[in-house]
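Student: Mind having a look at this structure? Questions to follow.
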C-alpha cells in the first residue's frame with residue numbers, strides 16, 4: 018500500500034498548499050464574522066463590490082477579466098446582485114453591445130459596512146506576526162505571481 022507521504026514527499030514544505038489552507042481558514046472566518054454582523058455577501062459579491070467602489074461603471078467583459086471569472090458565471094453573479102439591489106447593469110450609450118456595471122446606493126452601503134470588518138479581521142489574523150515576516154511574505158507571493166506569468170491579471174486588483 019502506498020502512503021500519502023510517498024506520493025507527495027515534500028507537500029508539507031511547499032508554500033502553495035499552506036497558502037490555500039490559510040485562504041480557506043480566513044474565508045470561513047470572514048463568512049462567520051460578516052454573518053454575525055448581519056451581512057450576507059458572498060466572497061464573489063465582496064470582490065465585485067470592491068472593484069466597483071474603486072472604478073464604477075466598468076464594462077462587463079472587463080469586469081470578467083479583472084475578477085478572473087468566465088463571462089457566464091459573472092453574468093449569473095451580476096443578475097443575482099441586481100436582484101439584491103447591489104449593482105445595476107446599463108447599456109453603454111456609445112456601443113449598445115457593451116453593458117456597464119455600476120454599484121447601487123444599497124451596494125455601496127453594504128460595502129461601507131463590510132469592508133472595515135474585513136480589514137479588521139485580516140489585521141487580526143496577522144497579529145503576532147513580525148512586520149518583517151509579513152514584508153517577506155508579500156515579496157515571495159508577488160514573485161510566485163510573477164513566476165506563473167499572471168502579473169497582468171492581478172495588476173488590476
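Residue numbers (the numbering used here): 18 to 174.
All C-beta atoms in this analysis are idealised placements derived from N, C-alpha and C, irrespective of residue type, glycine included.
Is it the case that the segment 116-126 contacts the segment 97-104, given that we only count it when at least three CB pairs across the two stretches are under 8 Å?
Tutor: With a cut-off of 8 Å, the segment 116-126 and the segment 97-104 count as touching, because enough Cβ pairs lie within range.
Student: Assuming residue 69 and residue 63 form a contact by the criterion Cβ under 8 Å, report the distance between their Cβ atoms to the nearest whole angstrom.
Tutor: In the chain shown, counting from the first residue as 1, residue 69 sits at position 52. In the chain shown, counting from the first residue as 1, residue 63 sits at position 46. Not a contact, Cβ separation roughly 11 Å.
Student: Relative to the C-alpha of residue 45, which residue among 158, 90, 31, 138 is closest?
Tutor: Numbered from 1 along the chain shown, position 28 holds the residue referred to as residue 45. Taking only the C-alpha atoms, the option nearest residue 45 is 138.
Student: Spatial neighbours of residue 146 within its chain, please: C-beta separation below 8 Å, excluding the five flanking residues on both sides.
Tutor: Residue 146 sits at position 129 when you count from the first residue of the chain shown. Nothing meets the Cβ criterion.
Student: Which runs of the alpha helix (DSSP H), 4 residues or longer, sit entirely within the segment 50-92?
Tutor: If we require 4 residues or more, the alpha helix (DSSP H) runs fully inside the segment 50-92 come out as 60-71, 77-83.
Student: Based on the DSSP output, what are the partners of residue 104 in its beta bridges?
Tutor: Position 87 of the chain shown, counting from 1, holds the residue named residue 104. Answer by DSSP bridge pairing, in chain order: 120.
Student: Can you look up residue 130 in the DSSP assignment and give me helix, strand or coil?
Tutor: By one-based count along the chain shown, residue 130 stands at place 113. In this structure, residue 130 counts as helix in the three-state DSSP scheme.
Student: Go ahead and pull the three-state DSSP assignment for residue 31.
Tutor: As a position in the chain shown, residue 31 is number 14, starting the count at 1. Coil, per DSSP.
Student: Can you name the start and end residues of the alpha helix (DSSP H) that residue 16 belongs to?
Tutor: It is not possible to answer for residue 16, since the shown part of the chain is limited to 18 through 174.
Student: If the criterion is Cβ atoms closer than 8 Å, does the pair residue 56 and residue 127 meet it?
Tutor: To locate residue 56, count along the chain shown from 1; it is residue 39. To locate residue 127, count along the chain shown from 1; it is residue 110. In this structure, residue 127 lies closer than 8 Å to residue 56 by Cβ.
Student: Contact defined as beta carbons within less than 8 Å: I believe residue 50 pairs with residue 134. What is the distance between those atoms, to the nearest angstrom?
Tutor: If you number the chain shown from 1, residue 50 lands on position 33. If you number the chain shown from 1, residue 134 lands on position 117. Residue 50 to residue 134, Cβ: 6 Å. Contact.
Student: On the criterion of 16 or more Cβ atoms from any shown chain inside 10 Å, does residue 131 qualify as buried, or is it exposed?
Tutor: Numbered from 1 along the chain shown, position 114 holds the residue referred to as residue 131. Per the 10 Å Cβ criterion, buried.
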